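Peer 1: Here the numbering used here is used: the first residue of the sequence shown is 231, the next is one more, and so on. Glycine included, every Cβ here is placed at the ideal spot set by N, Cα and C. Everything numeric in this text was worked out from a predicted model, so none of it was measured.
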Amino acid sequence: MRSLVAAAMLALAAAQPAWALGERPFVTFEAGKDAVVLARSGQAARILVDPNEFKGVRRAAADLQADIERVSGIRPALLASAGAVAKGSDVVIVGTLGQSALIDRLARENKIDAKAVRGKWEGYLVQTVRNPLPGVARALVVAGSDRRGTIFGLYTVSEQIGVSPWNWWADVAPAKHDVLAVAAGTRVADAPVVRYRGIFLNDEAPALSGWAKEKFGGFNHKFYGKLFELILRMRGNYLWPAMWGNAFYDDDPENGPLADEMGIVMGTSHHEPLMRAHAEWKKYGKGPWDYSRNEQVLREFWQQGLDRAKDYDKVITLGMRGDGDEPMSEESNVALLQRIVADQRAMIAKTTGKPLPQVPQVWALYKEVQEYYEKGMRVPDDVTLLWCDDNWGNIRRLPTAEERKRSGGAGIYYHFDYVGGPRSYKWINVTPLPKVWEQMHLAWRLGADRLWVVNVGDLKPMEVPTEFFLTYAWNPAAWPASRLPEYLKLWATREFGGAQSPDLAAEIADIVETYARYNGRRRPEQLEPGTYSATNYRESERIVADWRDLAARVERVKAKLAPAQKDAFFQLVEHPVRASGTLGELYATVQANRLHAQQGRADTNDLAARARDVFAQDAAISREYHAINGGKWNHMMAQTHIGYTSWRDPATNIMPEVREIALPAAPALGVAVEGSDAAWPAAKDLRLPAFEPFDKANRYIEVFDRGAAPVAWTARAEQPWIVLGESSGTTDKSKRITVDVRWDQVPAGATSGRVLVTGPDGQRAAVDVPLRHADQRGTKVAGFVETGGTVAIEAEHYSRALAPAGREWLRVPGLGRTLSGMTTLPVDAPALAPADGMRLEYDVYLFEPGKVNVQATLAPTLKFRPGAGFRYAVSIDDEAPRIVDVHADASLQHWEKIVTDGVAQFTTAHEVKAPGRHTLKFWALDPGLVLQRVVIDAGGLKPSYLGPQESPRVGSVSTN
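Listed below in structure tokens is the structure:
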């Protein structure tokens, strides 16, 4: 029966079309009239490749051959032919313009639209052709403007038939189809926007390095062959290879030739000049890594790197940092670095024999090197300036209008992984796609589009953001912010089908988006007991509940998948949810344990035991990852992530400290209330957070035992309008009693009530039940209504969005710790004044006049443009706007806080002259800022990480 269910699931999945993400599907699973049939009824189209074709193209054609067999069960013939072919079934003709005689002939005869790609960088054409050869009625032609263009066209066809780029690297099983066809009249031509699109394997120990050593013997050509194929399938073309004690060319002499054969452009990282790994200096270098004292040895060292890679496709890194990716010494200066670059370029010109503008070179403006640039250091215009983020996904600088005129262009070095301060993050995916989109959209629009490379750490488990980064680099215009939710739906459809339920792909997409957003709130390595408040806004328990809900959704989806899909689902969806949620629950449990120990609760020791169990679960989840698919991914989750005390990762995961207490034998009553860490009997005055007529939330009292024997208790409200969830019971742990108010029974003038909790010895705890604004329950309010002394508003829930001509507001879904972000377009527009009117307006209702503070939560945007800091302004009603420079504080402490928190928060002071309706205005003065939420603090804002939940909204909707 189980096998029948699995077969039915696979059959349903087979009915679902699959295609390259964001592209128009051209492969169908029914053969329409005049369609080119790739596979049907035990036959497959022959694949023709010119024998003179590039080796990398022939290799990719063989991959298409294998992919068609994976999907249809039929292995096509792969023929080396420049023209003549036996009569018979449809064919796939593969070749590169200028390299394939058959492709060139079809172009001359105007049977293919060669002009759509000719002369383009990495352009490809996929087109159906009638009567391409004598005796052949139909062909699918895959042609490229160059070798990588042809390769990308082939892998695009593979993806369209349902083979994920991650079919090997994440065990994504393709759906089976009896028929594979391409509709008559198909013509798809494409080429990338960003020239070099790549990844950087970095910080690769212990996970990736341990895995590669076990499975391949190290970072050799067997390993890199798999990696190169993955990069090409994602239509990337560039790699900075693993370099933690590894040396790409030196570790295996076959690495370099294989990269060149497959079509990968090689580079070296930001601090490894002239195609030599720094590990080679440790192995072969003599003397100091100091050009002023050891110039000749360094020149010889670099020359060997240039000679070795002379004939390979590459981008050469220029410059020099200190030994081991450290800043150069204080004595080093701009003049020395300029001399180094000039000498390096002379070596490049002599070695290659080419004019320097024809040799791709890059200068990485990483950390202090950017400071050298800002102080006046320059390199020739043909060198690409590689601007960098701050290692935390926030771009430090982008080209000015003048810099955009440079012939070498500009690029971006970005991070999904980092080792360094304020704390390393290497373990798991923490990067929401909207964050990547927003920063790389800035890069694209401001002309940093020559080279994009992203530090992906161990590669796994960064599969989702890695592919998005490369997809967006291929064509940023194809992915406006409004399509971000669609991207993950398409990804989920490709990886897992979706026919089992119309909403399956959407559910998987939302799970992936949500877990990344949760992790993006604060990197898991930076979590600790107390990150989220245990007392205010029920924050800590809400975070745990959110992760548990996400894990439950994962289980429901998993139950609908076929067995062949579950390994991939575990890697791409289930593991990051369970692992991240378990870690969050560990810290929340330790937090509760410490609070309960402070309060003397009988369940303190149980919570300590529970924390130890959760700590063990974390290890068990990693072992589960290592065991899937017969241990294929052993070591891949070996990265430590618990027990950080500085930026450096601990040698092993360390159980957080828990507390245990000795209990008296006799029962003893304890009482605690929501919103406070104090507890009776140590604290005599207990007070619940105030009830308000426009806040429908209940409150709670916790009755707990302080002894080893169960305690009996009773609870009684002194006022009839107070409703208790329970009035008596016996507990040996803790019992939560909900408290609510019947507002229709609250008498006029009432300001408070009281609940009495009595224990077995007759001792009684009194809990105050305050009422706030009870006399205004009939007031006609509108907009976001003050409750708890605050008005909390998500940025996208504006009442009005106003913009001058040529400007617009843009909602970026998912860009925020709690919901989304609002930013402005165009990103290169000049600064505005408040009088220009670029603002969001929020209708609010405040019950009291007086002084208030407005806290604005923004994305941690850095000052990526020279000059003054970026500004916004806030006003209430018609008061003069308070202008805030978000970059006024340039201290290290401020930067560490905003990257740790994932947001930048600023506060302005205002005065409200009268109670009632008001308009809060947020003015965008400089482009590039992203508003996530605003909170009006009318005296009630309490300490927490995420802030109060959004306030109730009455009778107001967003308008433009």
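Take P894 as the anchor and find which of D833, L714, K445 has the nearest alpha-carbon.
Peer 2: In the sequence shown, the residue the question calls residue 894 occupies position 664. Nearest option by C-alpha distance: D833.
Peer 1: Consult DSSP for V424 and reduce its assignment to one of helix, strand or coil.
Peer 2: Locating residue 424 in the sequence shown gives position 194, where the first residue counts as 1. In this structure, V424 counts as coil in the three-state DSSP scheme.
Peer 1: Name the DSSP bridge partner or partners of Q591?
Peer 2: For the purposes of this step, residue 591 is taken as the residue at position 361 of the sequence shown. BP columns for Q591 point to I546.
Peer 1: List, from N- to C-terminal side, the beta strand (DSSP E) runs of 3 residues or more that fit wholly inside the segment 596-629.
Peer 2: Those beta strand (DSSP E) runs which fall completely within the segment 596-629 and span 3+ residues are 614-618.
Peer 1: Within 10 angstroms of the Cβ of N749, are there 16 or more other Cβ atoms? Answer buried if so, exposed if not.
Peer 2: Within the sequence shown, numbered from 1, the residue matching residue 749 stands at position 519. By the neighbour-count rule (16 or more Cβ atoms within 10 Å), N749 is buried.
Peer 1: How about K963 and D935: do their beta carbons lie closer than 9 Å?
Peer 2: On the sequence shown, residue 963 is found 733 positions in, with the first residue counted as 1. On the sequence shown, residue 935 is found 705 positions in, with the first residue counted as 1. The answer is yes: Cβ separation under 9 Å.
Peer 1: Please work out which residues of its chain come closer than 6 Å, Cβ to Cβ, to P195, disregarding the five sequence neighbours upstream and downstream, and give them in chain order.
Peer 2: This structure leaves residue 195 out entirely; the chain is present only between 231 and 1190.
Peer 1: Which residue or residues does DSSP assign as beta-bridge partners of E1141?
Peer 2: Stepping through the sequence shown from its first residue, residue 1141 is reached at position 911. K1081.
Peer 1: Taking the alpha carbon of V418 as the point to measure from, which residue in A411, A435, V371 has its own alpha carbon closest?
Peer 2: Residue numbering aside, residue 418 sits at position 188 when the sequence shown is read from its first letter. Closest by alpha carbon: V371.
Peer 1: So for P1173, helix, strand or coil by DSSP?
Peer 2: Within the sequence shown, residue 1173 is the residue found at index 943, counting from 1. Coil at P1173, not helix or strand.
Peer 1: Is L1062 buried or exposed, if buried means 16 or more other CB atoms sit within 10 Å of its CB?
Peer 2: For this step, residue 1062 is matched to residue 832 along the sequence shown. Classification for L1062: buried.
Peer 1: At which residues does the beta strand (DSSP E) containing S1029 begin and terminate?
Peer 2: On the sequence shown, position 799 is the one that residue 1029 refers to. First-last for S1029: undefined, no H or E at that position.
Peer 1: Check whether the segment 1119-1132 touches the segment 749-766, counting contact only when three or more Cβ pairs, one atom from each stretch, lie closer than 8 Å.
Peer 2: In short, these stretches touch, since the Cβ pair count reaches three.
Peer 1: Mark E1109 as exposed unless 16 or more other C-beta atoms lie within 10 angstroms of its C-beta, in which case mark it buried.
Peer 2: On the sequence shown, residue 1109 is found 879 positions in, with the first residue counted as 1. Classification for E1109: exposed.
Peer 1: Taking the alpha carbon of G365 as the reference point, which residue from A316, T326, G448 has its own alpha carbon closest?
Peer 2: Along the sequence shown, read from residue 1 onward, the residue named residue 365 stands at position 135. Ranking A316, T326, G448 by Cα distance to G365 puts A316 first.
Peer 1: According to DSSP, what are the bridge partners of P1043?
Peer 2: Residue numbering aside, residue 1043 sits at position 813 when the sequence shown is read from its first letter. Paired residues: S1050.
Peer 1: DSSP on A920, reduced to helix/strand/coil?
Peer 2: Residue 920 sits at position 690 when you count from the first residue of the sequence shown. A920 falls in the coil class under three-state DSSP.
Peer 1: Rounded C-beta distance between W721 and L251? I'm assuming under 8 Å.
Peer 2: Residue numbering aside, residue 721 sits at position 491 when the sequence shown is read from its first letter. Residue numbering aside, residue 251 sits at position 21 when the sequence shown is read from its first letter. Right, the Cβ-Cβ distance comes to about 6 Å (below 8 Å), so this counts as a contact.
Peer 1: Per DSSP, what are the beta-bridge partners of W470 in this structure?
Peer 2: Translated into the one-based positions of the sequence shown, residue 470 becomes position 240. Bridge partners of W470: F430.
Peer 1: Does G1185 come out as helix, strand or coil in the three-state DSSP assignment?
Peer 2: Looking up residue 1185 in the sequence shown gives position 955. DSSP places G1185 in coil when its eight states are reduced to three.
Peer 1: Give the secondary structure of V409 by DSSP, where H, G and I count as helix, E and B as strand, and everything else as coil.
Peer 2: As a first step, residue 409 must be located in the sequence shown, where it is residue number 179. Residue state, collapsed to three classes: coil.
Peer 1: Given that a residue counts as buried once 16 or more other Cβ atoms are within 10 Å of its Cβ, and exposed if not, what is N467?
Peer 2: Counted from its first residue, the sequence shown places residue 467 at position 237. Buried is the call here.
Peer 1: Here's the rule: buried if 16 or more other CB atoms are within 10 angstroms of the residue's CB, otherwise exposed. What is R378?
Peer 2: Here residue 378 is taken as the residue at index 148 of the sequence shown, counted from 1. So R378 counts as buried.
Peer 1: Where does A243 sit, in a helix, a strand or coil, going by DSSP?
Peer 2: Stepping through the sequence shown from its first residue, residue 243 is reached at position 13. Note that A243 scores 36 on pLDDT, short of 50, meaning its location in the model is unreliable and no value can be drawn from it.
Peer 1: Suppose you measure from the CA of N823 to the CA of I891; what does that come to, to the nearest Å?
Peer 2: Walking along the sequence shown from the start, residue 823 turns up at place 593. Walking along the sequence shown from the start, residue 891 turns up at place 661. Whole-angstrom Cα-Cα distance: 10 Å.
Peer 1: Leaving out the 5 sequence neighbours to the left and right, which residues in its chain are closer than 8 Å to L663 when beta-carbon positions are compared?
Peer 2: As a position in the sequence shown, residue 663 is number 433, starting the count at 1. Result list for L663: V694, P695, F698, L714, Y717, L718, E743, A746, G1044, in chain order.
Peer 1: Contact between the segment 563-572 and the segment 600-616: three or more CB pairs below 8 Å?
Peer 2: Yes, they touch.
Peer 1: Taking the alpha carbon of P806 as the reference point, which residue from E854, R772, N766 has its own alpha carbon closest?
Peer 2: On the sequence shown, position 576 is the one that residue 806 refers to. Of E854, R772, N766, the residue nearest in Cα terms is E854.
Peer 1: Any idea which residues DSSP pairs A1022 with across the strands?
Peer 2: Here residue 1022 refers to the residue found at position 792 of the sequence shown. A1022 is bridged to V1165.
Peer 1: Taking the C-alpha atoms as reference points, what is the distance between V402 and W593?
Peer 2: Taking the first residue of the sequence shown as 1, we reach residue 402 at position 172. Taking the first residue of the sequence shown as 1, we reach residue 593 at position 363. C-alpha separation (whole angstroms): 38 Å.
Peer 1: Give every residue of the same chain whose Cβ lies closer than 6 Å to the Cβ of F921, excluding the five residues on either side of it in the sequence, and list them in chain order.
Peer 2: Your numbering for residue 921 matches position 691 in the sequence shown. These residues qualify, in order along the chain: V971, L1001.
Peer 1: Looking at the strands, I want to know which residues DSSP matches up with Y354.
Peer 2: Position 124 of the sequence shown, counted from the start, is the residue given in the question as residue 354. G374, D420, per the DSSP bridge assignment.
Peer 1: Rounded to a whole number of angstroms, what is the C-alpha to C-alpha distance between A509 and N563?
Peer 2: Here residue 509 is taken as the residue at index 279 of the sequence shown, counted from 1. Here residue 563 is taken as the residue at index 333 of the sequence shown, counted from 1. Using only the alpha carbons, I get a separation of about 25 Å.
Peer 1: Do you know how far the Cα of K1151 is from the Cα of G1036?
Peer 2: Residue numbering aside, residue 1036 sits at position 806 when the sequence shown is read from its first letter. Residue numbering aside, residue 1151 sits at position 921 when the sequence shown is read from its first letter. Taking the straight line joining both Cα atoms gives about 20 Å.
Peer 1: Per DSSP, what are the beta-bridge partners of V366 in this structure?
Peer 2: Mapped onto the sequence shown, residue 366 falls at position 136. L363, per the DSSP bridge assignment.
Peer 1: The beta strand (DSSP E) spanning A942 covers which residue range?
Peer 2: Within the sequence shown, numbered from 1, the residue matching residue 942 stands at position 712. 941-947 is the extent of the beta strand (DSSP E) around A942.
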